[in-house]
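The listed protein sequences correspond, in order, to chains A and B.
All the letters of the first sequence, read from the start, carry residue numbers 76 to 213 under the working numbering.
All the letters of the second sequence, read from the start, carry residue numbers 76 to 213 under the working numbering.
Working notes, beginning with the structure itself.
There are 2 protein chains.
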Amino acid sequence: MKQISTRFSIAVHTLSLIAVSPNDCTGDYIAGSVNTNPVVIRRIMGMLKKAGLVDVRPGVGGASLLKDPNQITLLDVYRAVNVTEENQLFRIHENPNIRCPVGRNIEQVLQTELRDAQSALEQRLAQTTLAQLIDRFK
Amino acid sequence: MKQISTRFSIAVHTLSLIAVSPNDCTGDYIAGSVNTNPVVIRRIMGMLKKAGLVDVRPGVGGASLLKDPNQITLLDVYRAVNVTEENQLFRIHENPNIRCPVGRNIEQVLQTELRDAQSALEQRLAQTTLAQLIDRFK
DNA sequence: CTACGAAGTAACTAAAATGGTTACAACGGT
DNA sequence: ACCGTTGTAACCATTTTAGTTACTTCGTAG
Chain A
76 MKQISTRFSI
86 AVHTLSLIAV
96 SPNDCTGDYI
106 AGSVNTNPVV
116 IRRIMGMLKK
126 AGLVDVRPGV
136 GGASLLKDPN
146 QITLLDVYRA
156 VNVTEENQLF
166 RIHENPNIRC
176 PVGRNIEQVL
186 QTELRDAQSA
196 LEQRLAQTTL
206 AQLIDRFK
Chain B
76 MKQISTRFSI
86 AVHTLSLIAV
96 SPNDCTGDYI
106 AGSVNTNPVV
116 IRRIMGMLKK
126 AGLVDVRPGV
136 GGASLLKDPN
146 QITLLDVYRA
156 VNVTEENQLF
166 RIHENPNIRC
176 PVGRNIEQVL
186 QTELRDAQSA
196 LEQRLAQTTL
206 AQLIDRFK
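This is the structure:
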């Protein structure tokens, strides 16, 4: 990898804006605050919509949260923007040599550890709510 | 992102082989167990060497661990193969609009959370040693 | 009902990371 | 001196990312 996509941080930024200024939150306005192209925002808004986090109003413009800010965690956002394939942060090399004791077992042994490590990260993300973040924007 | 590079799992596989079969661990042998190209292994071995985890013998061939298997954690390996740029798992979008209260504070507020989340993952990786993995290859 | 601003989306691009591959130089012991 | 091995450089196809242009669809105000 290199790093986790900025889609995640942009999504958090976007949701924060919607929570703070429920009005004027058009794609262009958000793009102006994030400092990127409006299409990038619309794509991310589409993911947030599909995840049931926001309601976007086509035609009229703007968006609103579908959940209370203290019911939206960073983990919800993380998952919404699909940062990893099939929710697997780690990737394991495929088709090791099964005639080798290490090759035969590496996948299963590692999977346990990596799942736990990923879980630790996600649990930490789940502890922070959008409401907590918004409090610090004042 | 998509996912964390298989360099990590291949590195763990490689170190396990060296620990289990201190002899015959040439790049070609390891590549045969991992099922990839020998150059891929040599590149990863170079990173493990630079991290002070292994000693590779040019000319004669083979490698050996420079630390006891119970002194090598998954975090050591994770860091050795440079999976993320500057050890930052998350990336935050740059140059948000500082005239917006959200844009002005998003970076600092998020950085705290993401650092903690990354730290949770790393602490979990640090809890597993190579020795523990090897025990399960028997 | 028309116009206009906004969302939805397809298509294209440049840049970067990944994993594999070929090729060749350097090393070291038989 | 030979031969297997390591150390690298160079190249490639594939994929992801983020940005951009362009066009359609939507919904309300005039």
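Don't be surprised by glycine CBs; every beta carbon is placed ideally from N, CA and C.
Can you tell which of B/Q207, B/P113, B/L150 has its C-alpha closest to the C-alpha of A/Q193?
In the first sequence, residue 193 of chain A corresponds to position 118, counting from 1. Looking at the Cα atoms, B/L150 is the closest of the given residues.
So with CB distances below 9 angstroms, who are the chain A contacts of B/A155?
For the purposes of this step, residue 155 of chain B is identified with residue 80 of the second sequence, where counting begins at 1. Within chain A, no residue comes near B/A155; the closest Cβ sits about 15 angstroms away, beyond 9 angstroms.
The segment 150-159 of chain B in contact with the segment 120-133 of chain B per 3-pair CB rule at 8 angstroms:
Yes, the segment 150-159 of chain B touches the segment 120-133 of chain B.
For the segment 136-172 of chain A, which segments carrying the beta strand (DSSP E) assignment without a break, of at least 3 residues, lie completely within its bounds, in sequence order?
138-140
With A/D210 as the anchor, note down where its alpha helix (DSSP H) starts and where it stops.
Here residue 210 of chain A refers to the residue found at position 135 of the first sequence. Per DSSP, A/D210 belongs to the alpha helix (DSSP H) from 205-210.
For A/I79: DSSP bridge partner residues:
Looking up residue 79 of chain A in the first sequence gives position 4. DSSP lists B/F165 as partners of A/I79.
Label A/R217 either buried or exposed according to how many other C-beta atoms from any shown protein chain fall within 10 Å of its C-beta, with 16 as the threshold for buried.
Residue 217 of chain A falls outside the range modelled here, since chain A spans only 76 to 213, and no answer is possible.
Would you kindly check if the distance between the Cβ of B/T101 and the Cβ of B/G137 is under 9 angstroms?
For the purposes of this step, residue 137 of chain B is taken as the residue at position 62 of the second sequence. For the purposes of this step, residue 101 of chain B is taken as the residue at position 26 of the second sequence. Contact flag set, yes.
Distance cutoff 9 angstroms, beta carbons only. Does A/A103 sit that close to anything in chain B?
Within the first sequence, residue 103 of chain A is the residue found at index 28, counting from 1. Note on identity: in this sequence residue 103 of chain A is Asp, with Ala being the wrong assignment. By this cut-off, A/D103 is not an interface position.
Contact criterion: CB-CB distance below 9 angstroms. Does B/S139 meet it with respect to chain A?
Sequence index remark: in the second sequence, residue 139 of chain B carries index 64 (1-based). Chain A contact via Cβ: absent.
CB of B/L196 within 9 angstroms of CB of A/A195, strictly:
Taking the first residue of the second sequence as 1, we reach residue 196 of chain B at position 121. Taking the first residue of the first sequence as 1, we reach residue 195 of chain A at position 120. Against a cut-off of 9 angstroms, the Cβ pair of A/A195 and B/L196 comes out as a contact.
By DSSP, does B/D103 sit in helix, in strand, or in coil?
Residue numbering aside, residue 103 of chain B sits at position 28 when the second sequence is read from its first letter. Three-state DSSP puts B/D103 in a helix.
B/S139: buried (16+ other C-beta within 10 angstroms of its C-beta) or exposed?
Along the second sequence, one-based indexing puts residue 139 of chain B at 64. Classification of B/S139: exposed, given that the 10 Å Cβ count is below 16.
Check whether A/S91 and B/V177 have beta carbons under 9 angstroms apart:
Along the first sequence, read from residue 1 onward, the residue named residue 91 of chain A stands at position 16. Along the second sequence, read from residue 1 onward, the residue named residue 177 of chain B stands at position 102. In this structure, B/V177 lies closer than 9 angstroms to A/S91 by Cβ.
Compute the Euclidean distance between the alpha carbons of B/H168 and A/R166, then round it to the nearest angstrom.
Indexing the second sequence from 1 puts residue 168 of chain B at position 93. Indexing the first sequence from 1 puts residue 166 of chain A at position 91. Here the C-alpha atom of B/H168 lies approximately 25 angstroms from the C-alpha atom of A/R166.
From the DSSP output, read off the bridge partner residues of B/V109.
What you label residue 109 of chain B is simply residue 34 of the second sequence in a count that begins at 1. DSSP lists no partner for B/V109.
Looking only at C-alpha atoms, which of A/V109, A/V114, A/Q146, A/P113 sits nearest to A/G127?
The residue labelled residue 127 of chain A in the question sits at position 52 within the first sequence. The option with the nearest alpha carbon to A/G127 is A/Q146.
Residue span of the alpha helix (DSSP H) that contains A/S194, given as start and end:
Within the first sequence, numbered from 1, the residue matching residue 194 of chain A stands at position 119. Counting along the chain, the alpha helix (DSSP H) containing A/S194 begins and ends at 176-201.
For the candidate residues B/K213, B/T148, B/E182, whose alpha-carbon lies nearest to that of B/Q198?
Along the second sequence, one-based indexing puts residue 198 of chain B at 123. Distance from the Cα of B/Q198 is smallest, within the candidate group B/K213, B/T148, B/E182, for B/T148.
Using a Cβ-Cβ cut-off of less than 8 angstroms, list which residues of the segment 78-109 of chain A approach chain B; keep chain order.
Q78, I79, S80, T81, F83, S84, I85, V87, H88, S91, L92, V95, G107, S108, V109
Determine whether the beta carbon atoms of B/I209 and B/P113 lie at a separation below 9 angstroms.
To locate residue 209 of chain B, count along the second sequence from 1; it is residue 134. To locate residue 113 of chain B, count along the second sequence from 1; it is residue 38. Their beta carbons are not under 9 angstroms apart, which means B/I209 does not touch B/P113 by this criterion.
Under 9 angstroms between beta-carbons, which chain B residues line up against A/Q193? List them in chain order, please.
Residue 193 of chain A sits at position 118 when you count from the first residue of the first sequence. Here the neighbours are L196, R199.
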